[in-house]
Each structure stands twice: as C-alpha cells, then as structure tokens.
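Visitor: Each position in the sequence shown, counted from 1, maps to that position plus 869 in the working numbering.
C-beta atoms are modelled at their ideal positions from N, C-alpha and C, and glycine is treated no differently.
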Amino acid sequence: MEPLNARSMLDAATATTTAARPQGERRRRLSPAALAVTNQKVGGAYSPIVIAGAVRLADFILLSLVGVGLYLGYVMPLSGFHWEYVAAILGMTVAAVVCFQAADIYQVQVFRGQLRQMTLMISSWAFVFLLFIGVSFLAKLGGEVSRVWLSSFFFVGLAALIVERLTLRTLVRRWAHDGRLDRRTVIVGADQNGEQLVEALKAEEDSDIHVLGVFDDRNDSRAMDTCAGSPKLGKVDDIVEFARRTRVDLVLFALPISAETRILEMLKKLWVLPVDIRLSAHTNKLRFRPRSYSYLGSVPTLDVFEAPITDWDLVMKWLFDRVVGGLILLAALPVMGLVALAVKLDSPGPVLFRQKRFGFNNERIDVYKFRSLYHHQADPTASKVVTKNDPRVTRVGRFIRKTSLDELPQLFNVVLEGNLSLVGPRPHAVQSKLENRLFDEAVDGYFARHRVKPGITGWAQINGWRGEVDTDEKIQKRVEFDLYYIENWSVLFDLYILLKTPFSLLTKNENAY
C-alpha cells in the first residue's frame, strides 16, 4: 500500500466524523515578549551525538568502499582474490576512525570549520598509512602488497574524505542557521545571579546554547527586565505553556542551592516537561567533586531531570516503530478490512472515527479508531465516558472495543503520521474526566506521562489498567505505570510489552466496554 493512497483512504473515511476543537482548554496568557519568541519559526533539534555517530559510520563505509573498489578494479584482476587485502582494508578503516576520534574531530563544532578539520583529518589519515607500512615492514609483508593499490587507496580515500567533509560542513552550517543544532535554553532567575549566568554562557566560544530569555516570579527590584540582553519573558508558571508553544531543550536554574524550598516548588511545576533541567553552580560557594558536575562549556551545572528517550535511544525507537509497525500493519490489513466491513454493515456512518487526544508534550493530535458508537451519538471529545452496557455502543462496537480491534487504525498514526508509537502511555482524549474533574486535576504529575510519544499499547495496559476510568485508583495507577515505563524504557522493554499485549487483551479486559 502506498503511503499517499493510505492517507487518502483515512481522510475519506473520516470526512464526516471530525473531532470538534476541545472546549474549555486552560492555557496561560503569555507576555508579549514570550509570544514574540513562540511566533518564531523553529525546526526540530538534531542530536550532536547522533550526527557524530553517523559521520563515524559514513567514514567507515566510505573508506571501505574505496579500498575494496580499488582492490577489485586493480589488484584482483592481476593476482586473484586474497583475504589479506580485505583484512588490511578493514584494519586500516577501523584505525582511521579511531585516529579521527583521538584527534577529536567528531564534534559538531569541528564540522562547522574547515582548516582545523582538514588538517587533523589529513594528518590522521597519513598516520594510519605510515602505521600500516611500518607493520607490513616488521611482518615482512611489504613485497606482497601492491604499491599502486596502497598509494591509490591513500590519495583516493583522502579525496573522498575531503568531499564528504565539505558536504558535511555545508549541511552543518545550514542546520546551525536553522537553529537545529542550538540548545534552546530558558533561565530561571532574573537577578544578579541570572545575569552572571547569561554572561558566562554567552562568553563561551562555539557554544550551542541559545538563551531565549529569563523567567522569575518576583516583581520587586531584585528581578531585572533583562539579563545581559536576554529579556524577562514571564513567571515560572509560564514556562510550561511557553515550552508547549515553542521548542525548549534546557531549563537552567540560576538560583543558589541555598534556595532549596523555592527550587523544589518550581521543580514540581516543571518536571512534567520533556526537557533537561539543571541547576547552575557557577555562583555557588559550595563545591563538589568535578565528576559531580556536567558542563555547558566551562559553566558547571548539576543535573536534576533529563529529557527521556533522546539521542540514539530516539533513533532506535523511531526505527522500531517504523519497521515493526509497518510489518504489523501489513499483517493486520486483512483483519482491518473485515472489521471495516462489519462496522459498515452494522450501522450507518463512516468506518473510521477521528478523535483529538493528548500527544507528545501535550500537543493535540488526531487519533484514528474504528467507529464503535452510533454515528449520531459520536462523542469526539470523550466528554462522557463509555460505561458497561452503554446504549451508544453498536453491536459490532462492543466486540471490537472488548478485543481492542477498534484501535488497529492507530497503526496508520504510527507508520504514516508518526504522532504515535507502538508502545507508550495511551493517549487520552483531551476532555477525559473522572466524575467532574479532568484527569490532570485528579492526579498530580498527570502531564508527565506526555514527556514521550503516546503509544497504541503500554505498560499500564498489559497490567490491566485499561478501559473505563471511574475511580481515583484507576487513573493514578495508569499514571504510575506510565511513569515507570518512561523511566525504564528500552527497546527490549518495548518488545516485551508488544509481545505480551495479545495475551493481556484476552485475560485483562474486564474494564473494556
């Protein structure tokens, strides 16, 4: 199935069942200065760790192809196949990557430059060949190695590396211009400590820290309107809304450690965000061991919270969702076709139902389901919970809700839309309530479950916490299990949850109506 056709099918099937915009959303009003920042066009961040790892892999593949290509084109036709050349190519390529690493050229800051990068790369590549020649001489293999191949490998490999680095330099500069390599940072504390911190961060050369502004609850003379040129954007309570309207990568406290009570109160509000949170130690007189700190350039900080599932973990989860999700979608297409036919024959209305739900970082996303309620009684905001023997549920709807077959179209969300994962906290409808309270009013830290992308199945679901939410315990347990999943995520954990889901659907479905 072509993605474009599948997407067209989804749009057509849900044309008459579009979720209404949720009413009564509680959003803080931001200051004009904060709104000006959120209105700036910002792309997603690219991980320097992933970029450096990808360049290492590209170097290895590129040099291997050059060495093997020259061997197959020149040496093999003259003297036949020899495993010794393959071993030499592999050894020299690995040695080159190791030397590049030792020369410290696998850094985004180095990728941006030209002279230093080229000088270090050429000297490292030359060292590898001198090392190989020395080993060949000591092992008395010099006469068995083609000098034409060896010199060609050096010069052609060097030319390939130079072209690769020039291309990489262009890409990195473009990403830097678009802000994709910046760590977009907000400072908590608009006093003298905050100003000193901003000045220290801006004084760093080749720093990726981009200070968006400062936040402070104080309205007296201690709070400045600007700190070293960075404007005050609002109060600490505004940071959550601010971070949901624009990309924020790091929240940095400029408050001294002695302000423990204030810091703890602020952390209770901010830990629900999918960002790194650190405490600056640049003005603290109390000093810990150097290993206790992480550094932003030369500015020491203490880690408080880290954004979950980042760098290579994020790449692995993306691959897991796309590859495994695509295979499951292909396998499920016949079943989905039968369910769609049953829904269509059972009651009038569209086959698919589209509903607004909470996504990553509290974004509103459209989630697809097979329609299980009568069309004229559809409840796109889920303002009324489906209960046992609910008259709004169709005959086919009762079966597909009990077996969770109504969730199968969410595979399109995973594979095509990319706003769901196979495994993660289940996305709740934006107006889901427990009695007369929204879920975030019923349990503390509810929005912390949105620090990762929601999933079709999750740790809470396979442990029986699915279906109707009619007690405080049920929503509290869901959040508790979701937070455990976020803190303990791994690809194997995802695989375990995915494999256990079918058995859970058969044995732990007493709350699914």
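1) Among the candidates Ala903, Asn1088, Trp1334, whose CA atom is the shortest distance from the CA of Leu1081?
2) Strictly by DSSP, which residues pair up with Ile1056?
3) Have a look at Arg1038 and Leu989 and give me their C-alpha separation to the nearest angstrom.
4) Out of Leu1291, Lys1138, Asp1275, point me to the one whose CA is closest to Arg1185's CA.
5) To the nearest angstrom, how far is it from the Cα of Leu1030 to the Cα of Gly1003?
6) Since Ala1329 contacts Phe1350 with CB under 8 Å, what's their CB separation in whole angstroms?
7) Give me the Cβ distance between Lys1225 and Asp1275, rounded to the nearest whole Å; I'm assuming they're in contact under 8 Å.
8) Measure the alpha-carbon distance for Leu1368 versus Leu1066 and round it to whole angstroms.
9) From this set, Arg1043, Val1014, Gly1063, which residue's C-alpha is nearest His951's C-alpha?
10) Between the Cα of Ser1149 and the Cα atoms of Arg1306, Lys1271, Phe969, Val1120, which residue gives the shortest distance?
11) For the alpha helix (DSSP H) containing Ser1373, list its first residue and its last residue.
12) Assuming the contact rule is C-beta atoms closer than 8 Å, Thr1170 and Arg1147 should be a hit. Round their C-beta distance to whole Å, please.
13) Just the C-alpha distance for Thr1130 and His1151, rounded to the nearest angstrom, thanks.
14) In or out: Phe969 buried (at least 16 other Cβ within 10 Å) or exposed?
15) What is the C-beta distance between Pro1278 and Met1205, in whole angstroms, given that I count them as a contact (C-beta under 8 Å)?
16) Could you tell me the alpha carbon to alpha carbon distance between His1046 and Thr1256, rounded to whole angstroms?
17) Excluding five sequence neighbours on each side, which residues of the same chain lie with their C-beta closer than 6 Å to the C-beta of Ser1177?
18) Assign Ser1241 to buried or exposed, taking buried as 16 or more other Cβ atoms, counted over all protein chains shown, within 10 Å of its Cβ.
19) So, at 7 Å on beta carbons, what are the nonlocal neighbours of Leu1075 in its own chain, with the 5 sequence-adjacent residues on each side left out?
20) Starting from Tyr1354, trace the beta strand (DSSP E) both ways and give me its first and last residue.
21) Could you tell me which of Gly1228, Gln983, Trp1187, Phe1268 sits nearest to Ala1209, measuring between CA atoms?
22) Does the distance from the CB of Gly1063 to the CB of Val1083 come in under 7 Å?
23) Locate the alpha helix (DSSP H) running through Ser1005, then write down its first and last residues.
24) Would you say Met945 and Val997 are within 7 Å of each other, going by their C-beta atoms?
25) With H, G and I counted as helix, E and B as strand and the rest as coil, what does DSSP make of His1326?
26) For Arg1233, collect the residues of the same chain with a Cβ closer than 8 Å to its Cβ; drop the 5 residues on either side in sequence, then sort them by chain order.
27) Between the Cα of Thr1376 and those of Asp1107, Met987, Asn1332, spot the shortest distance and give me the residue it belongs to.
28) Roughly how many angstroms lie between the CA atoms of Val1193 and Phe1281, to the nearest whole one?
29) Under three-state DSSP, which class holds Asp1182?
30) Taking a contact to mean a Cβ-Cβ separation below 7 Å, would you say Ala1059 touches Ala1092 in this structure?
31) Evaluate Tyr1353 with the Cβ neighbour count: other Cβ atoms within 10 Å of its Cβ, from every protein chain shown; 16 or more gives buried, anything less gives exposed.
32) Could you please give the first and the last residue of the uninterrupted alpha helix (DSSP H) stretch that includes Ile1022?
33) Are the beta-carbon atoms of Tyr915 and Arg1053 separated by less than 7 Å?
34) Would Arg1114 count as contacting chain B if we go by Cβ distances under 7 Å?
35) Have a look at Ala1028 and Ala923 and give me their C-alpha separation to the nearest angstrom.
36) Have a look at Val1265 and Phe1222 and give me their C-alpha separation to the nearest angstrom.
Guide: From the atom records:
1) Ala903
2) The partner list for Ile1056 (beta bridge, DSSP) reads Val1083, Leu1121.
3) 15 Å
4) Note on identity: in this sequence residue 1185 is Met, with Arg being the wrong assignment. Among Leu1291, Lys1138, Asp1275, the Cα nearest to that of Met1185 is on Leu1291.
5) 23 Å
6) 4 Å
7) With 8 Å as the limit, Lys1225 and Asp1275 do not qualify as a contact, their Cβ atoms being about 17 Å apart.
8) 49 Å
9) Val1014
10) Val1120
11) 1360-1376
12) 4 Å
13) 20 Å
14) Around the beta carbon of Phe969, 16 or more other beta carbons sit within 10 angstroms, so the residue counts as buried.
15) 7 Å
16) A direct Cα-to-Cα measurement between His1046 and Thr1256 gives close to 53 Å.
17) Per the sequence shown, the amino acid found at residue 1177 is Pro instead of Ser. If the five residues before and after Pro1177 are omitted, its C-beta is found closer than 6 Å to the C-beta atoms of Arg1320, Val1321, Ile1355, all from its own chain and listed in chain order.
18) buried
19) It should be noted that the sequence gives Asp, not Leu, for residue 1075. Excluding sequence neighbours, Asp1075 sits near Gln978.
20) Tyr1354 -> not in any beta strand (DSSP E); alpha helix (DSSP H) instead, spanning 1341-1356.
21) Nearest to Ala1209 by alpha-carbon distance, out of Gly1228, Gln983, Trp1187, Phe1268, is Phe1268.
22) yes
23) The continuous alpha helix (DSSP H) containing Ser1005 extends over residues 984-1007.
24) no
25) Note on residue identity: the sequence assigns Thr, not His, to residue 1326. Strand.
26) Pro891, Lys1225, Arg1226, Phe1227, Val1299
27) Asn1332
28) Approximately 13 Å, taken between the alpha carbons.
29) helix
30) yes
31) Exposed.
32) Before going on, a small fix: residue 1022 reads as Phe here, not Ile. Element bounds for Phe1022: 1016-1046.
33) At the C-beta level, Tyr915 and Arg1053 stay beyond 7 Å of one another.
34) Given the protein chain composition of this structure (a single chain), no chain B is represented.
35) Cα to Cα, Ala1028 sits roughly 19 Å from Ala923.
36) Distance from the CA atom of Val1265 to the CA atom of Phe1222, rounded to whole angstroms, is 14 Å.
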